[in-house]
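Below: the structure, in structure tokens.
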């Protein structure tokens, strides 16, 4: 199925699969009907129960009064899910969107999430691995070995997880070292020459010290082709290693130390063309190639060099747990480093137009303390503190390509024969008119070069109190006070000479110099000294293309000079503090049924626009007509003498997000059947929106965005060995108030990119012989209803009145079969996206190519075989 422009394409497959889903219902997200962990590698649990730590204390899934989905380690193995990118296929409330590099991904829960294309933006969905926060998605994308379970907590979780969880949490829990020797090795071979190897070993060192070591390696050929270079793209090349020590000096004291290192070195990510705009002719004229909508799902790319994506992610943590009778003390100390580098062809054509490099570093230290009670009486509590210290640096640049001047000359109306022969053309005339050196516009090696840094420190105090006046009825109150401070510095150089000239002010200077009755105006003071009628006349002429032929070149000034921050007006600091809270009542109506109702608030601190698109706020500076500095009104930056040519207002940072959610839920379980149901009404005030505009990113706060919805999951065991699961999420989102978006007033509009219906369903059948040998067969299905990918594109759709909106519908079927012998050997086969479903993951305006629309196709069918041995 292909889904591009809105329509019913693909619904035939959904109709066929829906019938299968109705009886093969369901999703591994529930997992609470059976204990599917490997007993030889972990302590046994009570029958038919999954233990989770969503509330930062161990509870069964049924007892946990939170909408939480759990995917077990066995499900991850059977479904060949290796990282959180694939987790969305079994968790309908979760979406993961990968953008232009291996490291640029966005996690979205219940329709809320923030782009990871800007390291100054904090995620709304926090990812925690063994209790340690991974502050950027690039630090959470490696293959995950020895996973015990992954918990996805839906909705604001700020009470216990702080400012990093205003939309939800993904919590990955891995297996502790064991005091019994054991381990496993696994090898996978699949199409696209996929090779995946992993292994682990665990065992005792002494009577009270155990260890574990694990590692993984993955390599895969690319599933797309850079046609003109005959090179592959969208490959996999990553590995990771991890070591652990578990020290138990006494039965009441435990220390778990973890160190890990992972690396990604890939060629990512293929971009296709859905609409070719007016720039295509100029690109073709210089010998460049660009894709077309007809070949979008052929997964063919056109670039003038092979991109580079390199990620190093490493660190360590120490968790200490001490039981003092009914009181437990927990400390988690962690330090992590992330290094992210990429070199990309950002025009996505074979012409040499522009490239971008980013070299990013993130160093993070976190410390958490918790005290948890387990009294027999009616009152229990959890009290904790959290400290976060992070340093971010980024060096980035846009390089001019060899063809950029010729292409822009053609777009500016230059004579093709002159441009292609190297004869003087449009820009030579512009250079002469502005007094610039000949052959200087778009001939500099760099279009821009930036240096950014940010220091972020915060601390939180949090806690909950449970009051159980009678058996089965629990009232919970919780709070979190967070104080967050950011210091940031940004500087940029823009060598291109055209970007440093305001074409309105240049015209005024030239017009007054040519008029003997007027003084020559060279600055704002001189312009403001003219009579108002003269000012108005000069401005009108300067903005009229028939009188000022240079004004049409403003579209080529997309990287103007940058005002460094901090400066005498902008201090480069944010400071936010917030008290959030939780109120909840839970009632165990019977041994099988638990009910709960809750109200919670959430908070995320300000995010900083660490990009070349950072601009002073309109409170600090407002440009005049056409970006004129001469005609700009008085403002703090102007009055301080800091204004530079072509400076515009925008955002340096987006203010905090404030979330609230009302939720009621029911968790029920009987022999052979169980289900969870949650109904919610969730709102975020000041949602931090990051939108690509074709030449840059706009970071701003939406006034208010809300979503009403329901989450349902069920597990059915109709007969021994057969487990059916079904999970469904229904979402009804709304921009309650968003008047200043890059698309205009979106107030009252349904946010795009959020499917109304998302379904994850699976059937797993295990047949066991008397010898202990088993065969495990599994099929799962993931569906997202047809939905617009976004609310329009700032450049493409603005010209069309939002009449052509791209959409996507997802229908993915995955399957696997594994033969488990009683000697520890396992042999299996798998397929993901079995029917090779095709859809667009996202779309964006062509980079500096007005009228062009680019997009990312999804991953095609993958399949392979696996051999595993446990010992």
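Numbering (this note's numbering), first residue to last: 31 to 901. Backbone N, C-alpha and C define an ideal beta-carbon position, used for all residues, glycine too.
Just grab the DSSP bridge partners of residue i for me.
i           : result
residue 678 : Partner(s): none; residue 678 has no beta bridge.
residue 400 : 360, 414
residue 228 : 216, 246
residue 406 : Per DSSP, none; premise fails for residue 406.
residue 274 : 242, 288
residue 162 : 159
residue 345 : 290, 366
residue 505 : 497, 615
residue 819 : Per DSSP, none; premise fails for residue 819.
residue 395 : 365, 419
residue 388 : 372, 426
residue 626 : 616, 695
residue 18  : There is simply no residue 18 to check, as the chain begins at 31 and stops at 901 in what is shown.
residue 860 : 846, 894
residue 473 : DSSP lists no partner for residue 473.
residue 262 : 255
Based on Cα-Cα distance, which residue from the options lies nearest to residue i?
i           : options            : result
residue 464 : 809, 477, 581, 569 : 581
residue 697 : 709, 346, 165, 510 : 709
residue 147 : 166, 448, 110      : 166
residue 12  : 780, 866, 265, 353 : Since the first and last residues shown for the chain are 31 and 901, residue 12 lies out of range.
residue 251 : 628, 298, 290      : 298
residue 877 : 255, 374, 133      : 374
residue 471 : 88, 442, 499       : 442
residue 437 : 725, 456, 800, 533 : 456
residue 503 : 858, 95, 82        : 95
residue 372 : 277, 138, 168      : 168
residue 736 : 763, 385, 126      : 763
residue 815 : 824, 494, 797, 783 : 783
residue 499 : 777, 611, 616      : 616
residue 844 : 827, 857, 808      : 808
residue 838 : 450, 817, 846      : 817
residue 563 : 661, 544, 787, 612 : 661
Leaving out five residues before and five after residue i in sequence, what residues of the same chain have Cβ atoms less than 6 angstroms from its Cβ?
i           : result
residue 893 : 220, 221, 861
residue 879 : 307, 309
residue 881 : 307, 308
residue 496 : 410, 504, 506
residue 350 : 285, 361
residue 260 : none
residue 534 : 572, 656, 658
residue 752 : 795
residue 233 : 211
residue 400 : 360, 414
residue 385 : 375, 429
residue 287 : 275, 348
residue 61  : Because residue 61 sits at a pLDDT of 38, beneath the cut-off of 50, its placement in the model cannot be relied upon, and the point is left open.
residue 651 : 665, 667, 679
residue 798 : 804
Ignore the nearest five residues each way along the sequence and tell me which others in residue i's own chain have a CB closer than 7 angstroms to its CB.
i           : result
residue 646 : 593, 600, 667, 679, 682
residue 513 : 488, 489, 607
Among residues of its own chain, excluding the 5 on either side of residue i, which ones have a beta-carbon nearer than 8 angstroms to its beta-carbon?
i           : result
residue 73  : Because the pLDDT of residue 73 is 35, which lies under 50, any placement of that residue in the model is unreliable, and the number read from its coordinates should be weighed accordingly. Counting only Cβ-Cβ distances below 8 angstroms, and skipping sequence neighbours, we find nothing.
residue 664 : none
residue 891 : 221, 861, 862, 863, 864, 865, 866
residue 619 : 502, 625
residue 720 : 144, 145, 147, 148, 151, 727, 728, 729
Original post:
Quick check: the segment 556-576 against the segment 630-641, are there 3 or more CB pairs under 8 angstroms?
Top reply: no
Original post:
Does the pairing of the segment 211-221 with the segment 178-192 give three or more beta-carbon distances under 8 angstroms?
Top reply: No, the segment 211-221 is not in contact with the segment 178-192.
Subject >> Completely contained alpha helix (DSSP H) runs for the segment 631-707, where each covers 4 or more residues >> reply: 666-669, all fully within the segment 631-707.
Original post:
Is the segment 477-488 in contact with the segment 508-517, if contact means three or more CB pairs nearer than 8 angstroms?
Top reply: The segment 477-488, when compared against the segment 508-517, does touch it at the 8 angstroms Cβ threshold.
Original post:
Does the segment 668-686 come within contact of the segment 628-636, defined as at least 3 CB pairs closer than 8 angstroms?
Top reply: yes
Original post:
At what residue ranges does the segment 730-761 contain a whole run of the beta strand (DSSP E), taking only runs of 3 or more?
Top reply: If we require 3 residues or more, the beta strand (DSSP E) runs fully inside the segment 730-761 come out as 734-749.
Original post:
For the 8 angstroms Cβ check, are there 3 or more pairs between the segment 372-390 and the segment 329-342?
Top reply: Contact holds: three or more Cβ-Cβ distances are below 8 angstroms.
**OP:** Could you tell me whether the segment 430-443 touches the segment 404-413, using the rule of 3 or more Cβ pairs below 8 angstroms?
**Re:** no
**OP:** State whether the segment 606-617 contacts the segment 740-748, with contact taken as three or more CB pairs (one from each stretch) at a distance under 8 angstroms.
**Re:** no
**OP:** Entirely within the segment 527-575 and at least 4 residues each: give me those alpha helix (DSSP H) ranges in chain order.
**Re:** 533-543, 554-558, 562-572
**OP:** Answer yes if the segment 171-180 comes into contact with the segment 97-117, meaning at least three C-beta pairs across the two stretches below 8 angstroms, and no otherwise.
**Re:** yes
Subject >> Uninterrupted alpha helix (DSSP H) stretches inside the segment 101-138 (no shorter than 4 residues) >> reply: Restricted to the segment 101-138, the alpha helix (DSSP H) segments that are unbroken, complete and at least 4 residues in length are 103-108, 114-117, listed in chain order.
**OP:** Say whether the segment 266-283 touches the segment 235-253, bearing in mind that this needs 3 or more beta-carbon pairs closer than 8 angstroms, one atom from each stretch.
**Re:** yes
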